[in-house]
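Numbering (numbering that gives the first Met the number 0), first residue to last: 0 to 373.
Glycine included, every Cβ here is placed at the ideal spot set by N, Cα and C.
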Amino acid sequence: MNIHSSIDLKRLNLQKVYHFLYNARSSAKLDISQGTGLSIPTIASNIIELERRGLIREGHEFKSTGGRRAQSYSICETARIAIGAEILKEEVKVVAIDLYGNIVEDSRKEIPFVNSPSYFAEFGRFVNTFIDKMAFPKGSILGIGVALQGLVSEDGQTVVYSEILKAGGLRLKTFRKLFDFECRMFHDTGSAALAEIWSLPEKQNSVYIALNRYFGGELVLNGEVRRIQKLSSPTIEHMKISSDGPLCYCGKRGCAETFCGANRLSEQSGLAIREFFEKLHSGDDRCIEIWKEYVHNLAIVINNIHMVVNCDVILGGYLNLFMSEDDLRMLDASVKEESFNNGVTYSLKRSFLGDKAPAIGAALDFIDEFIYEQ
Ligand SMILES: [Zn+2]
């Protein structure tokens, strides 16, 4: 065995032990040995190395059948932290997450977006103050992911389309100058989808639909979080569902955006979203009519996606905060009614991360990479 393959093998063994512990959350040497196929002495030396790096710690002692107590080990979940920020037209949200994707700290501030140096200076001050307050050692911060309402080029360097923020042409280096950490940019619905599928137990095909003021969606194939940016379709919002529908901000008519953005409900009812749902749930005829049309159009979009790939649907975004279980059942029934195949099998689930999903997803990209590379 040459020196390189010996180093590779050591690294591989360390990865096996770390990944086993990460998935098991807590485990003793014998279980790690059985789970990884590595010998107890190999496990022991890797545990020493992982403890030395501050990545794992001793946990409680298990009672074992032989009368001896077995020491358990678990991951130090805050050994590394990743930061996610979401830039919206009106405000900035920021989260810090640990190695299991749990929120350690979060904050938000009203900073209306303007593509100008003064905006970025204020954005940088806000995020840096947030990080400083947490007082984590600098080396533990993996990086900062910025999610924004805009499409990002495949190399992650430039915002290539952003009608809502008017941030087209914005470069990643603008953010890099603000921080002492690595920085990446993401399309907000992409990072939200990544956050939602991160904790799904099974690898599966899903479509993440963001019911925000502006509509958005991401297709996730085989639950592959690392490949999401390349495999996903970031423009479900511009799927045409009517050739003579309302004018979309993209310049075309009849896009899903014009029917399924939350703006549609406000525009048609003349009400703020909260009031709209209050009236809807108290039986207001006009609101019921508007909601039925909205649900019908959303069902068409979901069925169009099902024509291409059979996938479960995760509903995220702002409207999720107001939709009742009955509203959800109505959408489910409408999808089944609109389907050309009455036997369509899919599940419709609510997002469980709510409006923090884009920021969490932007941070998870660093966590996912760190775990994979250990
Ligand atoms: Zn459009």
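query                                                                                              : result
Exercise answer, beta-carbon shell around ligand 1 heavy atoms below 6 Å                           : H237, C247, C249, K251, C254 and E256
Start and end residues, beta strand (DSSP E) containing C182                                       : C182 to H186
Host beta strand (DSSP E) of A81 (start-end)                                                       : I80 to I86
Simplified DSSP assignment, three categories, for L13                                              : helix
Whole-angstrom C-beta distance between G144 and A362, which should lie under 8 Å                   : 5 Å
Rounded straight-line distance, which links the Cα of T188 to that of Q228                         : Because Q228 sits at a pLDDT of 49, beneath the cut-off of 50, its placement in the model cannot be relied upon, and the following sentence gives the value as read from the coordinates. Approximately 10 Å between the Cα atoms of the pair.
Cβ separation of D97 and I110, assumed to be a contact under 8 Å, to the nearest whole Å           : About 26 Å; that fails the 8 Å criterion.
Per DSSP, cross-strand counterpart(s) of D179                                                      : Answer by DSSP bridge pairing: none, since D179 is not bridged.
Supposed contact pair D367 and Y345 - C-beta distance, whole angstroms, cut 8 Å                    : Actually they are not in contact, since the Cβ atoms of Y345 and D367 sit about 26 Å apart, beyond 8 Å.
Exposure of F129, with buried meaning 16 or more beta-carbon neighbours within 10 Å                : buried
Top-ranked residue by Cα proximity to I163, from M306, Y21, C249 and Y17                           : C249
Whole-number beta carbon distance between E195 and A356, since they are thought to touch under 8 Å : 6 Å
Expected contact under 8 Å - CB spacing of G149 and S161 to nearest Å                              : 3 Å
Own chain residues within Cβ distance below 7 Å of S232, not counting five before or after         : At S232 the pLDDT is 46, less than 50, meaning the model places this residue with poor confidence; the figure from the coordinates comes in the next sentence. For S232, where only same-chain residues beyond five positions count, the Cβ hits under 7 Å are L218.
Own chain residues within Cβ distance below 8 Å of N127, not counting five before or after         : L177 and F178
Three-state class that DSSP yields for Q203 in the structure shown                                 : coil
Option nearest S242 by Cα separation, candidates G167, T234 and A255                               : A255
Coil, strand or helix - I157 by DSSP                                                               : Note that residue 157 is Thr in the sequence shown, not Ile. Strand.
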